[in-house]
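Trainee: According to numbering that gives the first Met the number 0, the stretch in the sequence shown is residues 0 to 178, in order.
Where a beta carbon is used, it is the ideal one built from N, C-alpha and C, also for glycine.
First, the structure itself, so that you have it in front of you.
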Amino acid sequence: MAHHSTQVSSDLIWEIAHVGVGDTARRRNYVRGLKFGIIGNQNSYLVKRAQSGGVRFSRDPLNLTNVHSRKNAGFVNDKAVGVVPAKDGGVSLITKKVKHPQRPASHSHTTTLSGKKSTRKTYKTIASNTAKSGYRPDLRASAIARASAIRKSQKEPKDLPESKLRGAKAKKAAAEKEE
């Protein structure tokens, strides 16, 4: 059985231990880095594809781009946003609450946006909810892009038009029709 070692920088651990008491934002950033360093390479959301050059994806519902990285990892960051398809059409906006991170059952809030609502109103709602709550602006653009892709996938595909005959085949068909 192979043993997987976790690579965490000793400098990072030293910095976490020696960050000033009043510097909570800086400490929080170090803690996020430490969390991702410890569980980033082995977690239930990670999807590894060796045949595609070792690319790594994420199934995390709070990861908008599905790319496995510290920046996009919803389980590591205090504030995260996710957009998933709703059961009856439309999309559900999932936002992670900052308070009580030790309570995973109640750490997220879900807002369902109906499929009957216009897409522009849906995007505006997503943008305003993330902006008012103080989420990162880059998450806003990714959330709207993901909602757009989900809404597009929920539309019924249009029937293909009948192919028209061209050239000699069209002339032949027209001649047969006249006879």
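Under a three-way DSSP split, which group does V97 fall into?
Mentor: Position 98 of the sequence shown, counted from the first residue, corresponds to residue 97. If DSSP states are grouped into helix, strand and coil, V97 belongs with coil.
Trainee: Report yes or no: do the stretch 78–89 and the stretch 28–48 share at least 3 C-beta pairs separated by less than 8 Å?
Mentor: With the cut-off at 8 Å, the stretch 78–89 and the stretch 28–48 do not touch.
Trainee: From P103 to D137, what distance separates their C-alpha atoms?
Mentor: The residue labelled residue 103 in the question sits at position 104 within the sequence shown. The residue labelled residue 137 in the question sits at position 138 within the sequence shown. Cα to Cα, P103 sits roughly 25 Å from D137.
Trainee: Quick check: K95 and G73, are their CB atoms within less than 8 Å of each other?
Mentor: The residue given as residue 95 occupies position 96 in the sequence shown. The residue given as residue 73 occupies position 74 in the sequence shown. Yes, the pair counts as a contact, with Cβ atoms nearer than the cut-off.
Trainee: By how many angstroms is the C-alpha of E178 removed from the C-alpha of K163?
Mentor: Here the question's residue 163 lines up with position 164 in the sequence shown. Here the question's residue 178 lines up with position 179 in the sequence shown. Going by the C-alpha atoms only, they are around 20 Å apart.
Trainee: Shortest alpha-carbon distance to R55 belongs to which of Y29, K116, T111 and H67?
Mentor: Working through the sequence shown from its first residue, we reach residue 55 at position 56. Closest option to R55, Cα to Cα, is H67.
Trainee: Label G166 either buried or exposed according to how many other C-beta atoms from any shown protein chain fall within 10 Å of its C-beta, with 16 as the threshold for buried.
Mentor: For the purposes of this step, residue 166 is taken as the residue at position 167 of the sequence shown. Its Cβ having fewer than 16 others within 10 Å, G166 is exposed.
Trainee: Roughly how many whole angstroms lie between the Cα atoms of S147 and T118?
Mentor: The residue labelled residue 147 in the question sits at position 148 within the sequence shown. The residue labelled residue 118 in the question sits at position 119 within the sequence shown. So the two alpha carbons sit approximately 8 Å from each other.
Trainee: Pick out whichever of G89, K98 and H99 has its Cα sitting closest to the Cα of L112.
Mentor: Within the sequence shown, the letter at position 113 stands for residue 112. Ranking G89, K98 and H99 by Cα distance to L112 puts G89 first.
Trainee: Determine whether the beta carbon atoms of T121 and R150 lie at a separation below 8 Å.
Mentor: Counting from 1 along the sequence shown, the entry for residue 121 is found at position 122. Counting from 1 along the sequence shown, the entry for residue 150 is found at position 151. Contact: yes.
Trainee: What number of angstroms, rounded off, separates the C-alpha of H99 from the C-alpha of S51?
Mentor: Counting from 1 along the sequence shown, the entry for residue 99 is found at position 100. Counting from 1 along the sequence shown, the entry for residue 51 is found at position 52. The straight-line gap from Cα to Cα measures roughly 39 Å.
Trainee: So, is G133 buried or exposed, given that buried needs 16 or more other C-beta atoms within 10 angstroms?
Mentor: Locating residue 133 in the sequence shown gives position 134, where the first residue counts as 1. Exposed, since its Cβ has fewer than 16 Cβ neighbours within 10 Å.
Trainee: In terms of residues, what are the limits of the beta strand (DSSP E) holding K120?
Mentor: Translated into the one-based positions of the sequence shown, residue 120 becomes position 121. That residue, K120, is in no beta strand (DSSP E); its alpha helix (DSSP H) goes T118 to K131.
Trainee: Which residues share a DSSP beta bridge with L112?
Mentor: Taking the sequence shown and counting its residues from 1, the one referred to as residue 112 is at position 113. Answer is V90.
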